[in-house]
Every structure is written in C-alpha cells, then in structure tokens.
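Single-structure report; data block below.
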Amino acid sequence: TLALFAAFEVYGPALNGPFLFDDRYLPFLSPDAPARPFLHWIGGGRSLLMLSFWANFRVGGTEAFGYHAVNVLLHFFNAIFVWLIVRKLLEGVEAARATILAVFAGLLFLLHPVQTESVAYVASRSEALSVFFAYAALTVFLYRTRVEATFQVAAAVLLLFGAAVLTKEHTAVLPGVLLLADYFFNPREGAFSFDGIRKNWRLYAPLSVGAIAGFAWVIRTTAGADTAGFGMKDLPWTDYLWTQGRVLWVYLRLFLLPVGLNADYDLPFSRSPLEHGAIFGLAAFAGLLVAALVLRRKYPLAAFGFFTFALLIAPTSSIVPIRDPIAERRLYLPFLGLALVAVDLLRRIKIGAAPLAAALAAALAICAVGTYQRAQVWGDPLVFWTDAAAKSPNKARPQFQLAYAHYEMGRCDVASDAYARTAKLQPMSYELALDWAIALDCAGHPQEAIQKLDQAELLERSAHPLAEKARILFKLARNEEAFAALDRAEKIDPAFELTYLYRGGFYENLSSFAAAAAQYRKVLSLNPINATARSGLTRVEFALGRPR
617 TLALFAAFEV
627 YGPALNGPFL
637 FDDRYLPFLS
647 PDAPARPFLH
657 WIGGGRSLLM
667 LSFWANFRVG
677 GTEAFGYHAV
687 NVLLHFFNAI
697 FVWLIVRKLL
707 EGVEAARATI
717 LAVFAGLLFL
727 LHPVQTESVA
737 YVASRSEALS
747 VFFAYAALTV
757 FLYRTRVEAT
767 FQVAAAVLLL
777 FGAAVLTKEH
787 TAVLPGVLLL
797 ADYFFNPREG
807 AFSFDGIRKN
817 WRLYAPLSVG
827 AIAGFAWVIR
837 TTAGADTAGF
847 GMKDLPWTDY
857 LWTQGRVLWV
867 YLRLFLLPVG
877 LNADYDLPFS
887 RSPLEHGAIF
897 GLAAFAGLLV
907 AALVLRRKYP
917 LAAFGFFTFA
927 LLIAPTSSIV
937 PIRDPIAERR
947 LYLPFLGLAL
957 VAVDLLRRIK
967 IGAAPLAAAL
977 AAALAICAVG
987 TYQRAQVWGD
997 PLVFWTDAAA
1007 KSPNKARPQF
1017 QLAYAHYEMG
1027 RCDVASDAYA
1037 RTAKLQPMSY
1047 ELALDWAIAL
1057 DCAGHPQEAI
1067 QKLDQAELLE
1077 RSAHPLAEKA
1087 RILFKLARNE
1097 EAFAALDRAE
1107 KIDPAFELTY
1117 LYRGGFYENL
1127 SSFAAAAAQY
1137 RKVLSLNPIN
1147 ATARSGLTRV
1157 EFALGRPR
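Quick note on our numbering: the sequence shown kicks off at 617 and runs consecutively.
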C-alpha cells in the first residue's frame, strides 16, 4: 500500500498533464474514435495495447488523468514483479539481507527517475504493459516447483509471452532470458548446466517459434517504414550498430546517475566505426560481456543480470535501425538486468542489515525526489518542450514542438519566433510552413502568413493550406479570392472538412444562411460528430426560421 501511495505521489505532477508528442496520434484522440467499432481498435498491430486504450476511452473519454493513472498502476505491478523475481533469485542469501535487497530492487524500479518517460508518457504504455506480461511470465517460470516445467506452468508462460509480444514486439527476446535462467539457476544444485534447458524443450520449442515469428513480423512491418527498420536507405544497419556502441554507455550512465534526462536527445549517428569513438564503446561493452561470462561462478546474479540487460536491450540497441538512436523508455524492459547487477554487488558489502537498509532508503529517497521533479516537467507541455529544446538546442524537432506549445497557449508572437528558429535548423517542410503560417496569422501578420501558406502549397499538394489561406483572405475582406481558394481546396481533396466548414462560416457572415446550412450539412456528412459544424447549422437554421 505504501509503495502504491509512493508511486502516485512521485508521479502526481504528471497525472493531470496533457497528451504530449506522439500521444496526439493515438487512436482515442482521433475525431472518429467514438464511431470506431471494437474490432477496428484492436485489428491492427499491438492488439492488447489498443485494447487497453479502448477500455480507457470507454471509461473516461479523452480525459488524460485516466490514461496516466493506468500507466502508474502498471508500473506499480511491474515493480512487484521485480521484487518477486529478485527475491526468488536471492534464495540462499541470509533472509534479512535478501528481504532488504529484494524490496530495494522493486522500489528502485518504481522510483528511478529514468523510468519517468515510460510512465508519464501515455504512448509509452506499450513499454509498461508489455513489460507487465513479460515480467509476469518470468515470475511464473522462476517460481515453478520442478526443474521441468509442468504443463500448467508452460501454458501460463506461453500465454503471457504471447500477450507481451502482442503488446510490443521487443519482448520477443524473452525466451532468451528464460534460457539464461535455466542455465544459471536450474537445477540450483547443478547450476551452469544445460540440464534444465534440455528438460524444458517442450516449453522452448513453441517459445522459439513465437520469437522467430515476432521478429519476422517486425521486419516485415518495418520494411517500408521511415522511422525504423532496414528499409531506411539513409541509415544502414552498420551505422546504427556503431552508434549503439555509444548509446549503451549512455543507458548505463543514466542507470547509475540519472541526471540530464531528455525527452528528445540530439545524439549524432556514427557513420563509421571510429566516428565519435563508437568502436571503443562497442569493444568496452563486449569486454563487460566477456567479464560476466568469466566471472559467472563468482558473481552469478550479476552475470545473469548483465546478460539479461544485454539481451533485453538488443531489439532497440543492435542492428535494427531506428530513426531516434536513443530514448529513455528503451531502458524500461532491460532495467531488471541492471537491478540484478546492483543487488549482487550490494549483497557483498560487509555491513549489517540495518545500516544497509538505511543507506538504500536514502538512495531511494533521492530517486523519488528526482522522479517527482521529472514528473513536473512531463506535467506541463511548455515546461516539457522548453526543457527538451534547451538540452538539444541544435535539434529541430524540440524547437518545432516548443513553438506549437507556445501557440496552444495563445503566445503567437513567441510561437512565430520559435518557428523561425526551427527554420534555421532544418529545410523548410510542409508542416513547418503550415504551422508557422497559422501562428503568424494569430500574431497579427496576415501577409506573412499567406506567404508561408504559399510555401506550404508548393511543398505538398494539400487542401489545408488553401483552406487556411481562404480564412485569412476573408478576414482581409478579399472575399472573391477566399472563395476561389476554397474551390481549389475542394478539387484537391473533396473530403477535407475545413473547406466546407470555412465556406459555411463565410456564407453565414454574409447572411447567406441557406448556403451556409448546405456547407455545414456537408461537414456533418463527412464527420457526424463535428461540434463546430453542428452548432453552426443550429444557428443558421434558427436564422432561417427552422429552429432544431
């Protein structure tokens, strides 16, 4: 109960925070979300993740608190699994010390500042929920009573493993952790043998098939993606591998010293083994793996933990390219491995149980304060993007997002300046030109806004810049040009709602109520839940003497 209270306390500042970053593209924020059938929600990839979002949406709509609260609850249960796993692996250690260390491991997972992104970021529910199933599977596996897993245990592990993969594909490496556990600890009297593995072939055979299928599905689905996978021509797997030689050490540093946390790291890729010293980082990490292998009998839990970390971090830190080479949420799944390393080293410190507990409690208190402070950042979009932009001043994305945060708060002049800074860091894009134009218009610079909309129109054939241009032209009393721009927008995309919404507004302002009603009805035929069109239709029908 105290741990659950602590979890909600340290993440309290983020519980009522807004949806940030990729949260805005989640299905429950889609305008047609209420009309989507259940199978449409879960019919794509990551079915169980989408099922959780569907349940949240049905209970609380788009109120952010419910989504954040579920993330915190999942995080709490994951911490319980860490406690159970560590407690089991510490069998044979003096009871009082084992209890202290297991509780410390669970609370470290719960309160460590590097976990904030995985908990406070709604889109990172994929991490929390997939780890819930993966850690549950490992817990069931470790707590079996026989060397050979029974049918019931095997079925439970397979079911939980399948649920983990259906939530996020990176958990496909879980069978490797089970193999490691069997090699290191099963049977306990004959550790470091393959006896347990051989006796559990009935479990590993279907698990391996599932893992291979999971990897194949990931490769197939990312083949044409522009953010991950081998289809990115400008990011070969070798460049990504060299870069991860540096990233792995950032993750290790964040575990030991979680300062300088950043939602959008500006870490350049290493385009050769020597660039930024990448090969030395890879070599040093390989050296740690060799050391873990050599010292596995003297430090079994630490060796198992480090191999577990390496295995669980591999899906995002090896050869499969990802456009963003580093993200703190990728440490969530492999965190268990590093916690096991820490526990093995701590249990060897020659001090009494009481001083050890006091020292660990102090460390956890420091972690809790750090997590609370980080949750405050995640709880406010302006603070969040100001922080990211300050830590990555030469990266365009946080500057762009900061500009949008200013715009949402009505600080249009500041937003326009922030978009100008973004333009210095990247070539002009359609999205930048469009959003910059809207901010300029909001700031009272209509002519500059029109120029940016013309740029957006040149960059991408879309109805949106034409519709926004029409809106500005109408405000300038250039009505004929405004209607002409809307006509062009309709030809480009007859299903674009804003075209008819703006045209309806123009007609309403000109007191052409019948024409306005026709436009609002057109919007509602495209999107029956468009509240602006519905209220507009109510107004004009009342003006026509036909109150609804």
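Beta carbons: idealized from backbone N, C-alpha and C, even for Gly. Here the structure is a predicted model, which is why all the values come from computation and not from measurement.
(request) Reducing DSSP to helix, strand and coil, say where Ala844 ends up. (result) Your numbering for residue 844 matches position 228 in the sequence shown. Note: Ala844 maps to strand in three-state DSSP.
(message) Considering Cα atoms alone, identify which of Val686, Asn1146, Leu717 is closest to Leu700.
(response) Position 84 of the sequence shown holds residue 700. Measuring from the Cα of Leu700, the nearest candidate turns out to be Leu717.
(message) On the criterion of 16 or more Cβ atoms from any shown chain inside 10 Å, does Gly995 qualify as buried, or is it exposed?
(response) Taking the first residue of the sequence shown as position 1, residue 995 is located at position 379. Gly995 comes out buried.
(request) Note down, in chain order, each residue of its chain lying with its Cβ closer than 7 Å to the Cβ of Thr1148, except the 5 sequence neighbours on either side. (result) Locating residue 1148 in the sequence shown gives position 532, where the first residue counts as 1. These residues qualify, in order along the chain: Leu1117.
(request) Report yes if the C-beta distance between Lys704 and Leu758 is below 8 Å; otherwise report no. (result) Translated into the one-based positions of the sequence shown, residue 704 becomes position 88. Translated into the one-based positions of the sequence shown, residue 758 becomes position 142. Closer than 8 Å, so yes.
(message) My parser needs the alpha helix (DSSP H) runs of 4 or more residues fully inside the stretch 744-788; what are they?
(response) 767-783
(request) Note down, in chain order, each residue of its chain lying with its Cβ closer than 7 Å to the Cβ of Gly826, except the 5 sequence neighbours on either side. (result) Your numbering for residue 826 matches position 210 in the sequence shown. Counting only Cβ-Cβ distances below 7 Å, and skipping sequence neighbours, we find Phe777, Gly778, Val781.
(request) Round the Cβ separation of Ala991 and Tyr627 to the nearest angstrom and send it over; I've been treating them as touching at under 8 Å. (result) Indexing the sequence shown from 1 puts residue 991 at position 375. Indexing the sequence shown from 1 puts residue 627 at position 11. 5 Å between Cβ atoms; contact.
(message) Helix, strand or coil for Ile942? Go by DSSP, reduced to three states.
(response) Along the sequence shown, read from residue 1 onward, the residue named residue 942 stands at position 326. Looking at Ile942 - three-state DSSP - the assignment turns out to be coil, as it is neither helix nor strand.
(message) Check whether the stretch 943-951 and the stretch 743-758 are in contact - that is, three or more C-beta pairs closer than 8 Å.
(response) yes
(request) Output the boundary residues of the alpha helix (DSSP H) element that contains Thr1154. (result) The residue labelled residue 1154 in the question sits at position 538 within the sequence shown. Per DSSP, Thr1154 belongs to the alpha helix (DSSP H) from 1147-1159.
(request) Could you check the C-alpha separation between Phe1112 and Ala721 for me, to the nearest Å? (result) Taking the sequence shown and counting its residues from 1, one reaches residue 1112 at position 496. Taking the sequence shown and counting its residues from 1, one reaches residue 721 at position 105. Distance between the alpha carbons of Phe1112 and Ala721 is about 53 Å.
(request) Return the Cβ separation of Glu1124 and Val1156 in integer angstroms, given the expectation that the two are a contact with Cβ distance under 8 Å. (result) In the sequence shown, the residue the question calls residue 1124 occupies position 508. In the sequence shown, the residue the question calls residue 1156 occupies position 540. With 8 Å as the limit, Glu1124 and Val1156 qualify as a contact, their Cβ atoms being about 6 Å apart.
(message) Does Arg869 pass the burial test, meaning 16 or more other C-beta atoms within 10 Å, or should it be called exposed?
(response) Taking the sequence shown and counting its residues from 1, the one referred to as residue 869 is at position 253. Exposed, because fewer than 16 other Cβ atoms sit within 10 Å of the Cβ of Arg869.
(request) Report the residue ranges of all beta strand (DSSP E) runs contained in full by the stretch 1109-1147; include only those spanning at least 3 residues, in chain order. (result) none
(message) Taking 8 Å as the threshold (beta carbon to beta carbon), is Leu928 in contact with chain B?
(response) Included in the structure is just one protein chain, with no chain B present.
(message) If I follow the unbroken alpha helix (DSSP H) through Lys704, where does it start and stop?
(response) One-based indexing of the sequence shown puts residue 704 at position 88. 680-705 is the extent of the alpha helix (DSSP H) around Lys704.
(request) May I ask you to report which of helix, strand or coil DSSP gives Ser740? (result) By 1-based counting over the sequence shown, the position of residue 740 is 124. Three-state DSSP puts Ser740 in a helix.
(message) Along the chain, where does the alpha helix (DSSP H) containing Thr1038 start, and where does it finish?
(response) Counted from its first residue, the sequence shown places residue 1038 at position 422. 1028-1041 is the span of the alpha helix (DSSP H), which, as asked, contains Thr1038.
(request) Compare the Cα-Cα distances from Leu618 to each of Ala772, Pro643, Ala695, Ala1059 and report the closest residue. (result) Start at 1 with the first residue of the sequence shown, and residue 618 comes out as number 2. Residue Ala695 is the option with its Cα nearest to Leu618.
(message) Taking only three categories from DSSP, how would you classify Ser663?
(response) On the sequence shown, residue 663 is found 47 positions in, with the first residue counted as 1. Reduced to three states, the DSSP call for Ser663 is helix.
(message) Suppose contacts are defined by Cβ-Cβ distances below 8 Å. Is Leu665 in contact with Arg741 by that definition?
(response) Against the sequence shown, residue 665 aligns to sequence position 49. Against the sequence shown, residue 741 aligns to sequence position 125. Closer than 8 Å, so yes.
(request) Please classify Phe808: does DSSP put it in a helix, a strand, or coil? (result) Within the sequence shown, the letter at position 192 stands for residue 808. Note: Phe808 maps to coil in three-state DSSP.
(request) Could you check if Met1025 is buried or exposed, using at least 16 other CB atoms within 10 Å of its CB as the buried criterion? (result) Numbered from 1 along the sequence shown, position 409 holds the residue referred to as residue 1025. Burial call: exposed.
(request) State the Cα-Cα distance for the pair Tyr751 and Tyr737, rounded to the nearest angstrom. (result) If you number the sequence shown from 1, residue 751 lands on position 135. If you number the sequence shown from 1, residue 737 lands on position 121. Using only the alpha carbons, I get a separation of about 20 Å.
(message) Could you check whether Glu785 and Gly830 sit closer than 8 Å to each other, using their CB atoms as the reference points?
(response) Within the sequence shown, the letter at position 214 stands for residue 830. Within the sequence shown, the letter at position 169 stands for residue 785. The answer is yes: Cβ separation under 8 Å.
(message) Considering just the uninterrupted stretch of the alpha helix (DSSP H) at Ile895, what are its terminal residues?
(response) Stepping through the sequence shown from its first residue, residue 895 is reached at position 279. First-last of the alpha helix (DSSP H) with Ile895: 894-910.
(message) Below 8 Å, how does it come out for the stretch 637-645 and the stretch 671-685: are there three or more Cβ pairs, yes or no?
(response) yes
(message) Mapping the DSSP letters down to three states, classify Asn672 as helix, strand or coil.
(response) One-based indexing of the sequence shown puts residue 672 at position 56. DSSP places Asn672 in helix when its eight states are reduced to three.
(message) Closest to Leu872 by C-alpha separation, out of Trp858, Gln731, Asn802, would be which residue?
(response) Translated into the one-based positions of the sequence shown, residue 872 becomes position 256. Residue Gln731 is the option with its Cα nearest to Leu872.
(message) Measuring only from the beta carbon, is Glu1064 closer than 7 Å to any heavy atom that is part of the ligand NAD?
(response) Within the structure as shown, the ligand NAD is missing, as the structure has no ligands at all.
(request) Run the CB neighbour count on Ala1130, radius 10 Å, all protein chains shown included, and call it buried at 16 or more, exposed below. (result) For this step, residue 1130 is matched to residue 514 along the sequence shown. The residue is exposed, with fewer than 16 neighbouring Cβ atoms inside 10 Å.
(request) Starting from Lys1085, follow the alpha helix (DSSP H) in both directions and report where the run begins and ends. (result) Mapped onto the sequence shown, residue 1085 falls at position 469. Taken as a continuous stretch (DSSP letters only), the alpha helix (DSSP H) holding Lys1085 covers 1079-1091.
(request) Report yes if the CB atom of Ala894 is closer than 8 Å to the CB atom of Ala1004, and no otherwise. (result) Locating residue 894 in the sequence shown gives position 278, counting from the first residue. Locating residue 1004 in the sequence shown gives position 388, counting from the first residue. The answer is no: Cβ separation not under 8 Å.
(request) Could you say which of Trp657, Phe692, Ala970, Phe669 lies nearest to Tyr683 if we only look at CA atoms? (result) On the sequence shown, position 67 is the one that residue 683 refers to. Nearest option by C-alpha distance: Phe669.
(request) Check whether the Cβ atoms of Leu864 and Ser809 sit closer than 8 Å, and answer yes or no. (result) On the sequence shown, residue 864 is found 248 positions in, with the first residue counted as 1. On the sequence shown, residue 809 is found 193 positions in, with the first residue counted as 1. No.
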